[in-house]
Amino acid sequence: MSDTRSMPAVLPFSVDTWTTETASKAQFLTHAHKDHTVGISQNARHMYCTATTLHLLRIKFPELAAAIDRGDVQVTVLRDPGDSAIGDTLHLWSAGACGGYPYSVTPLFLANHCAGAVMLLFESEVWGSILHTGDCRVTSRQLPDLAAALDELLGEGPHLGLLCLDVTAGGGQDGADTLVCGWAQGSCAVIMLTGALPQL
Ligand SMILES: [Zn+2]
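One gets our numbering by counting positions in the sequence shown from 1 and adding 179 to each.
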């Protein structure tokens with residue numbers, strides 16, 4: 180796994196990154212594996228994750244659990260709808276020097292990774308739509324489900340602006356190849372958060 184999870188710094192949120200720089204942002208966590216939670220006890224301020232991930236964090240990080248119980252760390256739970264791959268959309272506000280703007284995030288329960296893992300679809304009129312996959316094992320059998328979820332949320336067609344692709348060592352490059360070649364098809368920009376770009 181890479182420990183580089185670079186998203187554009189201008190964005191008002193972070194994903195799986197816990198530094199002093201992200202402490203002032205909305206901090207999203209896709210799942211509770213240790214390489215995604217480096218620095219979380221020190222730098223979590225307002226985090227967003229699923230109930231399962233929060234449960235695992237409380238076990239793994241007693242200091243973080245105590246900070247949450249004291250109210251020093253705020254947590255917003257991304258609810259698992261159970262019977263759908265698409266979770267509830269949260270509407271957030273980016274407060275910035277330019278006057279701020281609204282954006283939203285929708286969790287997608289399609290990561291096929293560990294318990295509580297989600298993909299995250301961010302949208303705004305400022306930077307369009309961004310899908311962060313978290314670690315995922317996307318197979319060709321799952322592509323129609325992902326395509327259907329994105330069509331439902333974004334409308335049919337290649338409307339995704341940026342794909343931030345993170346793949347597990349287990350799911351590996353095959354998953355990346357499947358996602359990029361089988362679905363994205365070059366219709367959006369891609370940031371590989373681990374490994375190298377697959378050959379298209
Ligand atoms: Zn993982």
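Beta carbons are placed, not taken as given, at the ideal position from N, Cα and C, and that holds for glycine.
DSSP beta-bridge partners for Asp314?
Asp345
Length of the line joining the Cα atoms of Val254 and Thr201
Spanning the alpha carbons of Val254 and Thr201 requires a straight line of approximately 15 Å.
Quickly, what does DSSP pair Met371 with across the bridge? List them, please.
Leu344
Taking only heavy atoms of ligand 1 into account, decide whether any of them is closer than 8 Å to the Cβ of Cys293.
yes
Can you tell me the Cα-Cα spacing of Met180 and Ala223, whole angstroms?
Residue placement at Met180 is flagged as unreliable, the pLDDT there being 37, under the threshold of 50; the coordinate-derived value follows with that caveat. Going from the Cα of Met180 to the Cα of Ala223 covers about 22 Å.
Checking 9 Å against the spacing of the C-beta atoms, do Val317 and Leu257 come in under that value?
no
Taking three-plus beta-carbon pairs below 8 Å as touching, is the segment 203-221 in contact with the segment 324-336?
no
Alpha carbon of Cys228 to alpha carbon of Leu236, nearest angstrom
Cα-Cα distance, rounded: 10 Å.
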